[in-house]
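Inspection log for the structure reproduced underneath, given as structure tokens.
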Amino acid sequence: MRTLRLLALLALSAGPAVAAPTTSSGRISVSQVMEMAQRARSDAAARDTVIAYLAGVGETAGLMVSEAVARGATPLKCTASFTLSEETALSALAAGAPDTASWPETPATPIILADLFARAGCH
3 MRTLRLLALL ALSAGPAVAA PTTSSGRISV SQVMEMAQRA RSDAAARDTV
53 IAYLAGVGET AGLMVSEAVA RGATPLKCTA SFTLSEETAL SALAAGAPDT
103 ASWPETPATP IILADLFARA GCH
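Number 11 in this note's numbering belongs to position 9 of the sequence shown; there are no gaps in the numbering.
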């Protein structure tokens, strides 16, 4: 999971598609994701970065479930499958962090993951 976070962070901070800075603790911020998604409409590097980040978030969800079960947790029960798209991720961020002034210090990944598990009806 740490590797995925590092790869996503590198993707968001590399080349001409650099977005807003990470949070003060080094986590990918809502500002970064929102800005990169906006740029992705006209910038191929930004588009690749958004795709890589969302793929990392999706893989993180799967790793979280696998690791929890491997450590003895009761298997997660979900009523629907996990789905993640740019649209659902951006909607989750907008709903989970409605105050845009807080975006630079709000980590994006936990909001997207919480939404992913909620939409899948997991408990």
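For each residue, glycine too, the CB sits at the ideal point set by N, CA and C.
- For S27, the three-state secondary structure derived from DSSP is coil.
- With respect to the C-alpha of P100, the residue from T24, M36, T62 and P23 having the closest C-alpha is M36.
- Residue state for P109 is assigned as strand, using DSSP reduced to three classes.
- For the pair R43 and T108, the Cα-to-Cα distance works out to about 23 Å.
- In the three-state DSSP reduction, S104 falls in the helix class (H, G or I).
- The C-alpha of T81 lies about 10 Å from the C-alpha of A120.
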